[in-house]
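Chemist: One structure coming up, written as structure tokens, with questions to follow.
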């Protein structure tokens, strides 16, 4: 449904990225009936940004009238953006650490292959490219499995609630998991790749 509404800016309520305002007349035209928290709400724009003291004074004035409540922009922001970013950063570092352990184990098992590459004349660029490709593919495979494993339970939970809440796809998080993390893992593995020791090259391949 397309509604003639005005954008009121971003908000931190739940998963809503932006708030929109519609007049009671327009709402009646499209068959909408306001229910929460009051029959009608009004958006008043001050000539200048209100300070916390001014907003508190307005709330005190409104509190003297039964059935009226005043709320300002700060009341609609939870301030969880920094916390979510911190949690996402820690989770990304932990995931990369796990990928690093897996890459290290795979690298240990691939000593023979690396020795063969060097023995047949592969240069440092080729060796780093192979190490980076292995790490990138492992991280990409892990992300491909992690995205549906993490998103599916949330979707099932939302559907089971049957409250009509929208299911917001976390595109930014998915981009980090499927693109940023594998690229970072591949670049790190390529940078940390080292020339096999001479003792390994002298050992019989068979």
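Residue numbers (the working numbering): -10 to 195.
Backbone N, C-alpha and C fix where the C-beta goes; we use that ideal spot for every residue, glycine too.
Going straight from the alpha carbon of residue 156 to that of residue 144, what length do you get?
Modeler: Looking up residue 156 in the chain shown gives position 167. Looking up residue 144 in the chain shown gives position 155. Cα-Cα distance, rounded: 7 Å.
Chemist: Less than 8 Å separating the beta-carbons of residue 159 and residue 132?
Modeler: Looking up residue 159 in the chain shown gives position 170. Looking up residue 132 in the chain shown gives position 143. Result no, Cβ atoms of residue 159 and residue 132 do not sit closer than 8 Å.
Chemist: If you run the structure through DSSP and keep just helix, strand and coil, what is residue 4?
Modeler: Position 15 of the chain shown, counted from the start, is the residue given in the question as residue 4. The pLDDT assigned to residue 4 is 45, lower than 50, so where the model puts this residue is not dependable, and the model offers no usable value.
Chemist: What number of angstroms, rounded off, separates the C-alpha of residue 49 from the C-alpha of residue 57?
Modeler: Residue mapping note: residue 49 aligns to position 60 of the chain shown, counting from 1. Residue mapping note: residue 57 aligns to position 68 of the chain shown, counting from 1. Straight-line Cα distance between these residues: approximately 11 Å.
Chemist: Using the Cβ count rule (16 or more neighbours within 10 Å means buried), how would you classify residue 114?
Modeler: As a first step, residue 114 is located in the chain shown; it is residue number 125 there, counting from the start. Flag for residue 114 reads exposed.
Chemist: Can you check whether the CB of residue 118 is closer than 8 Å to the CB of residue 174?
Modeler: Here residue 174 is taken as the residue at index 185 of the chain shown, counted from 1. Here residue 118 is taken as the residue at index 129 of the chain shown, counted from 1. No; because the gap between Cβ atoms is not below 8 Å, this pair is not in contact.
Chemist: Entirely within the stretch 92 to 130 and at least 4 residues each: give me those alpha helix (DSSP H) ranges in chain order.
Modeler: The qualifying runs are 100 to 108.
Chemist: Which same chain residues, not among the five before or five after residue 128, have their C-beta less than 6 Å away from its C-beta?
Modeler: Start at 1 with the first residue of the chain shown, and residue 128 comes out as number 139. So the list reads 88, 170, 171 and 174, once near-sequence residues are dropped.
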